[in-house]
Amino acid sequence: MLREIAELDADLSKSLEESSGESPHDQHMAETAAVTLEREIDLTLQDNARAALVQIDRALRKLEDGSYGRCDKCGESISEGRLSIAPFATLCVECKRVEERTR
Numbered sequence: 058m059l060r061e062i063a064e065l066d067a068d069l070s071k072s073l074e075e076s077s078g079e080s081p082h083d084q085h086m087a088e089t090a091a092v093t094l095e096r097e098i099d100l101t102l103q104d105n106a107r108a109a110l111v112q113i114d115r116a117l118r119k120l121e122d123g124s125y126g127r128c129d130k131c132g133e134s135i136s137e138g139r140l141s142i143a144p145f146a147t148l149c150v151e152c153k154r155v156e157e158r159t160r
């Protein structure tokens with residue numbers, strides 16, 4: 058995850074001109090749009106990777122303090138099935154359903 062974030066950081070540190078390898082005056086509008094779209098996708102991937110890293114760090118802290126596998130809301134155990142699908146889950150299935158219904 059850290060490597061992925063570093064690679065995205067490096068890609069995003071380049072200017073649009075560096076990304077396309079051309080001067081902005083030499084590019085067709087469609088080429089500029091394609092490069093811009095790629096950057097937007099990279100930004101989204103970067104945001105998602107950073108959010109996943111926060112969730113992973115939180116799960117590791119919960120492992121250390123002995124609260125991993127417990128629902129943050131009701132304190133009940135989170136099912137093994139749910140944890141196998143989402144090891145960073147902080148809510149049991151029922152509390153997650155309630156949270157999603159109230160959004």
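Take any residue in the sequence shown, note its place counting from 1, add 57, and you have its number in the numbering used here. Glycine residues also receive a C-beta, built at the ideal position from the N, C-alpha and C atoms. Computed from a predicted structure; not experimentally measured.
Residues near residue i in its chain [Cβ-Cβ closer than 8 Å; skip 5 each side]
i     : result
Leu59 : Leu110
Residue i burial status per 10 Å Cβ neighbour count (16 or more: buried)
i      : result
Ile135 : buried
Val150 : exposed
Leu148 : buried
Ala146 : buried
Leu161 : Since the first residue shown for the chain is 58 and the last is 160, residue 161 is missing from the structure and cannot be characterised.
Leu65  : buried
Top-ranked residue by Cα proximity to residue i, from the options
i      : options                       : result
Val155 : Lys130, Leu94, Gly138, Glu137 : Lys130
Lys71  : Met86, Glu95, Lys119, His85   : Glu95
Ile98  : Gly126, Leu69, Glu133, Cys152 : Leu69
Other residues of its chain near residue i: CB distance less than 6 Å, five sequence neighbours each side excluded
i      : result
Glu133 : Cys149
Original post:
Any contact of the stretch 103-123 with the stretch 61-73, i.e. 3+ C-beta pairs under 8 Å?
Top reply: yes
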